[in-house]
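Enquirer: First the structure, which I've put down as C-alpha cells, then a few questions once you've had a look.
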Amino acid sequence: MPTFPAHDGTALAYHTEGEGEPLLCLPGGPMRASAYLGDLGGLTADRRLIRLDLRGTGDSAVPDDEGTYRCDRLVDDVEALREHCGFDRADVLAHSAGANLALLYAAAYPARVKSLVLVTPGARALGIAATREDRRGAVALRRGEPWYEAGRAAWEALLGGAEPDDLWPDVVPFMYGRWDAAARKHAADDAHQTNPHARGGYHADGAFDPDATRRALAALEAPVLVIAGEYDGAPTPARAREIAAVFPHGGAAVQSGAGHYPWLDDPAAFRRTVADFPGAGTDFPETGGLPP
1 MPTFPAHDGT ALAYHTEGEG EPLLCLPGGP MRASAYLGDL GGLTADRRLI RLDLRGTGDS
61 AVPDDEGTYR CDRLVDDVEA LREHCGFDRA DVLAHSAGAN LALLYAAAYP ARVKSLVLVT
121 PGARALGIAA TREDRRGAVA LRRGEPWYEA GRAAWEALLG GAEPDDLWPD VVPFMYGRWD
181 AAARKHAADD AHQTNPHARG GYHADGAFDP DATRRALAAL EAPVLVIAGE YDGAPTPARA
241 REIAAVFPHG GAAVQSGAGH YPWLDDPAAF RRTVADFPGA GTDFPETGGL PP
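Under this note's numbering, the first residue of the sequence shown carries the number 1, and numbering increases by one thereafter.
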C-alpha cells in the first residue's frame, strides 16, 4: 500500500488496481474509506484505478489539525496525489459527497483536470442540494418493495428532523437499486469504513462558496460527465442535469434501475457509461448505459 506526504506532513494512502489509463478516484461518505468503491463494476478492465483514502480514513493517517477534515482543505491533498503520481493532468472520478471535493479541486486547479466523472454527486459546492420533493419522489418509485412502508415512514421522520441512527436500517434499502445480499454487505461495511468524527468536519462552515466555485468552473475546459441513478433521490436525474449544465462541456447519464451506487446495481452498464464517455457536452439516454 503506497503512501505520500500531504502538505502538512500527514501520511496519505492510496490503492491501485487495474490496467490502462489512470483514473484518480475520490470516495464519498463523506469520509468513508475508498475500499467501498471496489473495482467500480469492473472498470479495472479498462482503467488503472487510483483510490485515495482521505486523511483520517482507511489506511491514511489521522492529521494533527482536525480542521483539515473540511472539504475545501482536502483540495491540496488531491493535488499532492497528482504530483506524487507524476501526472501532468488527471482524469478524476468522484462519488457522492466526494464530488464536492472534486468540484473544488477542478475550480482550484482547472489546468490539472483532464476529465471529470461525478457519480451520483453531492453538489453543495455549487449550491445545489436535494429537496424534500426530490427525496419523496425517489421514495415513491419503490412502491411494491417489501421494505417500502417501513422505509417511507423512516424517511418522513428524517425529513421531519429526527436523528438518523435508529432510522437508518429502514432507510438504507432506498440507496440501492436491488436490496440483495451484496447491497446488504456493502451497507453494513459503512460502519467500520467511515470516520464519524471526520465526517462531522467535512461540511463545516466555510467549506463552500458556491458563487465563486461556479464562476471558476464556468471556464473549465475539461469534459464532465454526471451519472445519476434512476431511483436515487440525491441527486435525482433532473438534479443531475442541473449539475451538468454548470459546465461548458458537461453531460448527464441516467442508469436505469440504479440507486446511489450504480456500479453495484448493474456493473456492466456502469462500466460502459464511464468507458464510452465522449466528453462532448451531451445528455445521454436514460438506459442501462450509453448507446453502442
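Glycine is no exception: its CB is placed at the ideal position from the N, C-alpha and C atoms.
In this text, all values refer to a predicted model and were calculated from it rather than measured experimentally.
Here's the rule: buried if 16 or more other CB atoms are within 10 angstroms of the residue's CB, otherwise exposed. What is Ala162?
Expert: Classification of Ala162: exposed, given that the 10 Å Cβ count is below 16.
Enquirer: To the nearest angstrom, how far is it from the Cα of Thr68 to the Cα of Gln193?
Expert: Their Cα atoms are separated by approximately 19 Å.
Enquirer: Using CA atoms only, rank isn't needed, just tell me which of Glu149, Pro169, Ala244 and His260 is closest to Gly233.
Expert: With distances taken between Cα atoms, Gly233 lies closest to His260.
Enquirer: Can you name the start and end residues of the alpha helix (DSSP H) that Gly233 belongs to?
Expert: Per DSSP, Gly233 belongs to no alpha helix (DSSP H) and is neither H nor E.
Enquirer: Leaving out five residues before and five after Phe1 in sequence, what residues of the same chain have Cβ atoms less than 6 Å from its Cβ?
Expert: Note that residue 1 is Met in the sequence shown here, rather than Phe. Within the same chain, Met1 has close Cβ partners Ala13 and Asp59.
Enquirer: Contact between the stretch 265 to 280 and the stretch 217 to 235 is defined here as three or more beta-carbon pairs at a separation below 8 Å; is this criterion met?
Expert: Yes, they touch.
Enquirer: Looking at the structure shown, is Val254 part of a helix, part of a strand, or coil, going by DSSP?
Expert: It is a strand residue.
Enquirer: From Gly127 to Tyr109, what distance separates their C-alpha atoms?
Expert: One C-alpha to the other measures close to 20 Å.
Enquirer: To which residues of the same chain is Ala275 closer than 6 Å at the C-beta, ignoring the five residues directly before and after it?
Expert: Asp46, listed in sequence order.
Enquirer: To test your reading of the DSSP string, which unbroken beta strand (DSSP E) runs of 3 or more residues are found completely within the stretch 164 to 247?
Expert: Listed in chain order, they are 224 to 229.
Enquirer: Can you have a look at His197 and say buried or exposed, based on whether 16 or more other CB atoms are within 10 angstroms of its CB?
Expert: Under this definition His197 is an exposed residue.
Enquirer: When the cut-off is 8 Å and only beta carbons count, does Gly18 lie next to chain D?
Expert: Judged by its chain identifiers, the structure shown contains no chain D, having just a single protein chain.
Enquirer: Could you spell out the range, first to last residue, of the alpha helix (DSSP H) harbouring Pro63?
Expert: Careful: Pro63 lies outside any alpha helix (DSSP H) and carries neither H nor E.
Enquirer: Span of the beta strand (DSSP E) holding Asp53?
Expert: Looking at the DSSP string, the run of the beta strand (DSSP E) that includes Asp53 is Arg47 to Asp53.
Enquirer: Could you say which of Ala204, Arg214, Arg215 and Phe247 lies nearest to Ala222 if we only look at CA atoms?
Expert: Comparing Cα-Cα distances from Ala222 to each of Ala204, Arg214, Arg215 and Phe247, the minimum goes to Phe247.
Enquirer: If distances are taken between C-alpha atoms only, which option among Ala244, Ala269 and Asp72 comes closest to Ser256?
Expert: The residue with the shortest Cα to Cα distance from Ser256 is Ala269.
Enquirer: Rounded to the nearest angstrom, what separates Phe174 and Ala191 at their Cα positions?
Expert: Roughly 17 Å separates the two Cα atoms.
Enquirer: Does Thr16 come out as helix, strand or coil in the three-state DSSP assignment?
Expert: Here Thr16 sits in strand by DSSP.
Enquirer: Are there 16 or more other CB atoms within 10 angstroms of the CB of Arg135, so buried, or fewer, so exposed?
Expert: Classification for Arg135: buried.
Enquirer: Using only the alpha-carbon positions, how far apart do Thr282 and His249 sit?
Expert: Its pLDDT being 46, under 50, Thr282 is placed unreliably by the model, and the measurement read from it follows with that caveat. Rounded to the nearest angstrom, the two C-alpha atoms are 8 Å apart.
Enquirer: Looking only at DSSP bridge pairs, what is Thr44 linked to?
Expert: Answer by DSSP bridge pairing: none, since Thr44 is not bridged.
Enquirer: Please say whether Arg112 and Gly201 have beta carbons closer to each other than 8 Å?
Expert: Cβ distance not < 8 Å, so Gly201 and Arg112 don't count as in contact.
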